[in-house]
Amino acid sequence: MTTIQVKDEWKAGAKLTADQYRDWYRRSVEDPEGFWAEHGKRVDWINPYTKVKNTSFAPGNVDIRWFEDGTLNVSANCLDRHLATRGDQTAILWEGDDPADSRAISYRELHGEVCRMANVLLANGVKKGDRVTIYMPMIPEAAVAMLASARIGAVHSVVFGGFSPDALAGRLEGAQSSVLITADEGLRGGRKVPLKKNADRACEIAAQAGQAVSTMLVVRRTGGDVAWQDGRDVWWHEAREEVSADCSPAEMGAEDPLFILYTSGSTGKPKGVLHTSGGYLVYASMTHEYVFDYRDGEIYWCTADVGWVTGHSYIVYGPLANGATTLMFEGVPNYPDPSRFWQVVDKHKVNIFYTAPTAIRALMGAGDDKVTSTSRASLRVLGSVGEPINPEAWTWYYRVVGEERCPVVDTWWQTETGGILITPLPGAIDLKPGSATLPFFGVQPQLVDNEGEVIEGEGAGNLCITDSWPGQMRTVYGDHERFEQTYFSTYRDKYFTGDGARRDADGYWWITGRVDDVLNVSGHRMGTAEVESALVSHPKVSEAAVVGYPHDLKGQGIYCYVTLMEGESETEELRKELVAHVRNEIGPIASPDKIQFAPGLPKTRSGKIMRRILRKIAEDDFGALGDTSTLADPGVVEDLVEHRQNRK
Ligand code: WTA
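Take any residue in the sequence shown, note its place counting from 1, add 30, and you have its number in my numbering.
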């Protein structure tokens, strides 16, 4: 495997050298208290901490606290503290879906907007600890809403704007949230997204389940027609005129919740991952600075949506805490054409660019000339996140997009980890295409086999982390037991990531993907259980099993085995109906790629579906089905193989 050594140009001006990385890393794991006591100071504390780390992964007693006696306000760290030195610097550089649309918002303006929205929330009765749900397109007001919530000590729960009314309702209920911030419509790739309409429907569904929304704050984006419920609905552009542009930030404990973000697991409904204030901000800002080698005055662009954790940590909190200029893009990579990313890079002179492998693969397919027709001379660092990046895509990104001038940082992390855990550092760590390379400071990865035995040296297995880092999630909102059960019960005294990994002879980490029943479709995380429950909620479906299979563009595709109710016929129309049904229940990101009608599913005598067999058939690799003798009815396998939908 090729190694790309750190180039001299990358070393010049870089934050850290290779030796410094090694020294800092050693100190961070040998003396975490000392290391984080020092680096915790990157944040402005109202009342400084005296305690640094108080964490336990012990069964029945998982308890994670960082800087626990310190107090701070996250929004003040992202705004107020920059006003004296960079009030007129652009904080958010917004690029609209339409290439003619952009806006630069300075730190001073952003501060004013956040204070106003915070005052509107207060005027509507929102208090410390209340949950504010945010269902927004990619417009600056999405960040304003998050920071406004943080300013008054409320807890935000951002729901991706591509989710369906049902999915939004479930998250309103889960967070017991009675305040919702949305927009009239979103705009993506020239098409309108009916956010207010979806939000209205979600409120009806949530109300039936006992969760009433009393305030819906609506941002006007497109000016499209929307229904209006007097007494509940409030226009942002009207309300902001009624309040002051000053709002003093609430003093919050380091361990007070900052946000909840719902994410899929291998079982049940999505869980509310809870992050708190102090440790999260220290970790998000520190990783943003070192992983991207962020330098004052640079333009930084992360293409994620704020509905995902990447948008939280690396569009909003990390960059703004560091006083960066963060670019926020409303549109999609291929609108109006597949040069759009690179045109935006040239237009705004972007220095650091962070995107997902699925976008890289799609743009790679559009042809090199779509890239080479642009300059990209401003680019200095390229990043990747969300799924394993195949070496071909990595190499294309490095060669064609970055012209071998820019290091590529493949950053591995999760919603649960709050920030990047395994990653190269530009100027310090040699690169290998497809490898996330080495752990960030304080992160101690470990490989274990299925029996929980530790694998030393070179090898492959399940990826665990043996000690806490400040950005780690603290609990599942309202269900600490589920938190312990999900992450700390598989392997004793370790955080289990759900990912598989390989460590090579140089100690480099290669993430191989999920080892549980979680799919990663175009970088979007999804539980097979969620898609299954959407399918069986259709009246014609009696049973469903969903697995992932390798997909050239999406990374993984969604393969569904569906057993119909007695008497229903297996038609092409029904296939389409089921696809539409799942999109309706969850959202377009969950669209099934393949649906196979199956008269029966392979089950053990105790009734457990043997997913291993279903995965093999979906991969068109049915020669190696392994032992099927424990099946209740081995005959079903033949039928499944015969009618498989993914023939290569
Ligand atoms: C996968 C996104 C390989 C992984 C930040 C993880 C990756 C899941 C990488 C988390 C990467 C993320 N290489 N796999 N660089 N980054 N993943 O919670 O399977 O949306 O467990 O967080 O994405 O997805 P999530």
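Glycine included, C-beta positions come from ideal geometry on N, C-alpha and C.
Exercise. Inspect the beta-carbon positions of L217 and D335 and report whether they are closer than 7 Å.
Key: no
Self-check item: Member of D657, A175 and R57 whose CA lies at the smallest distance from the CA of L152
Solution: A175
Quiz item: Taking contact to mean at least 3 C-beta pairs separated by less than 8 Å, is the segment 517-529 in contact with the segment 561-572?
Solution: No, the segment 517-529 does not touch the segment 561-572.
Quiz item: Among residues of its own chain, excluding the 5 on either side of R613, which ones have a beta-carbon nearer than 6 Å to its beta-carbon?
Solution: Excluding positions up to five away in sequence, the list reads S621.
Practice problem: Note down the Cα distance separating G578 from R201, rounded to an integer number of angstroms. | Solution: 25 Å
Quiz item: Rounded to a whole number of angstroms, what is the C-alpha to C-alpha distance between N91 and F470?
Solution: 26 Å
Quiz item: When you compare only the Cα positions, how much space is there between I419 and G597?
Solution: 45 Å
Exercise. Within 10 angstroms of the Cβ of R429, are there 16 or more other Cβ atoms? Answer buried if so, exposed if not.
Key: Exposed.
Self-check item: Backbone secondary structure at Q238 - three-state DSSP
Solution: helix
Practice problem: Give a yes or no on whether the C-beta atoms belonging to I459 and V321 are separated by under 7 Å. | Solution: no
Quiz prompt | Extent of the continuous beta strand (DSSP E) run through C494 | solution = G489 to I495
Exercise. Assign S599 to buried or exposed, taking buried as 16 or more other Cβ atoms, counted over all protein chains shown, within 10 Å of its Cβ.
Key: exposed
Quiz item: Where do the ends of the beta strand (DSSP E) carrying W124 lie?
Solution: T120 to E125 is the span of the beta strand (DSSP E), which, as asked, contains W124.
Self-check item: Three or more C-beta pairs below 8 Å linking the segment 433-441 and the segment 504-516
Solution: With the cut-off at 8 Å, the segment 433-441 and the segment 504-516 do not touch.
Quiz item: Taking all protein chains shown into account, do 16 or more other C-beta atoms lie within 10 angstroms of the C-beta of W258, making it buried, or fewer, making it exposed?
Solution: exposed
Practice problem: Would you kindly work out how many angstroms separate the C-alpha atoms of Y384 and E171, rounded to a whole number? | Solution: 21 Å
Quiz item: Shortest alpha-carbon distance to Y227 belongs to which of V104, F193 and V73?
Solution: A small fix is needed here, since residue 227 is Lys in this sequence, not Tyr. A check of alpha carbon separations from K227 across V104, F193 and V73 identifies F193 as the nearest.
Exercise. Using only alpha-carbon positions, find the residue among D529, D547 and V545 that is nearest to W539.
Key: D529
Quiz item: By Cβ distance, which residues of its chain are closer than 8 Å to V609, with the 5 residues on each side in sequence left out?
Solution: Cβ neighbours of V609 beyond the five flanking positions: S621, P622 and I625.
Quiz prompt | Beta carbon of D10 nearer than 7 Å to that of R111 | solution = No statement about residue 10 is possible, as the shown extent of the chain runs from 31 to 678 and does not include it.
Self-check item: Touch test, the segment 581-593 against the segment 299-319, Cβ-Cβ under 8 Å, three pairs minimum
Solution: no
Exercise. State yes or no: is the C-beta of R57 nearer than 6 Å to some heavy atom of the ligand WTA?
Key: Proximity of the beta carbon of R57 to the ligand WTA is not indicated: no heavy atom of the ligand is located closer than 6 Å.
Exercise. At 4 residues or longer, and completely inside the segment 402-438: list those alpha helix (DSSP H) runs for me, N to C.
Key: For the segment 402-438, whole alpha helix (DSSP H) runs of length 4 or above, ordered along the chain, are 421-426.
Quiz item: Hey, out of V374, R641, A232 and H267, whose CA is closest to A130's CA?
Solution: The shortest C-alpha to C-alpha distance from A130 to any of V374, R641, A232 and H267 is the one to V374.
Exercise. Could you pull out every residue in the same chain whose Cβ sits closer than 6 Å to the Cβ of V467, ignoring the five residues on either side in sequence?
Key: With the sequence shown as reference, residue 467 is identified as Thr, and Val is not the correct amino acid for it. The answer, listed in chain order, is P454, I459 and Y538.
Exercise. Look at the alpha carbon of P368 and the alpha carbon of V223, and state the distance between them as a whole number of angstroms.
Key: A direct Cα-Cα distance of roughly 21 Å separates P368 from V223.
Quiz prompt | Distance between beta carbons of H186 and I164, contact taken as under 8 Å | solution = 6 Å
Exercise. Determine the direct distance from the alpha carbon of E271 to that of A354, and round the result to whole angstroms.
Key: 28 Å
Self-check item: For D367, the three-state DSSP class (helix, strand or coil)
Solution: coil
Self-check item: Distance, E139 Cα to S132 Cα
Solution: 15 Å
Self-check item: DSSP state of N228 mapped onto helix, strand, coil
Solution: helix
Practice problem: From the DSSP output, in three-state form, read off N77 for me. | Solution: strand
Exercise. Please check the pair E533 and E488, which I expect to be a contact at CB under 8 Å, by giving their CB distance rounded to whole angstroms.
Key: Sequence inspection shows Arg at residue 533; the Glu mentioned does not correspond to that position. Yes, R533 and E488 are in contact; Cβ-Cβ is about 6 Å, under 8 Å.
Quiz item: Is it right to say T690 is buried, meaning 16 or more other beta carbons lie within 10 angstroms of its own, or is it exposed?
Solution: The structure shown does not extend to residue 690, since the chain is modelled only from 31 through 678, so no value can be given for it.
Self-check item: Counted within 10 angstroms of its Cβ, other Cβ atoms place Q206 as buried (16 or more) or exposed
Solution: exposed
Quiz item: If you run the structure through DSSP and keep just helix, strand and coil, what is D529?
Solution: strand
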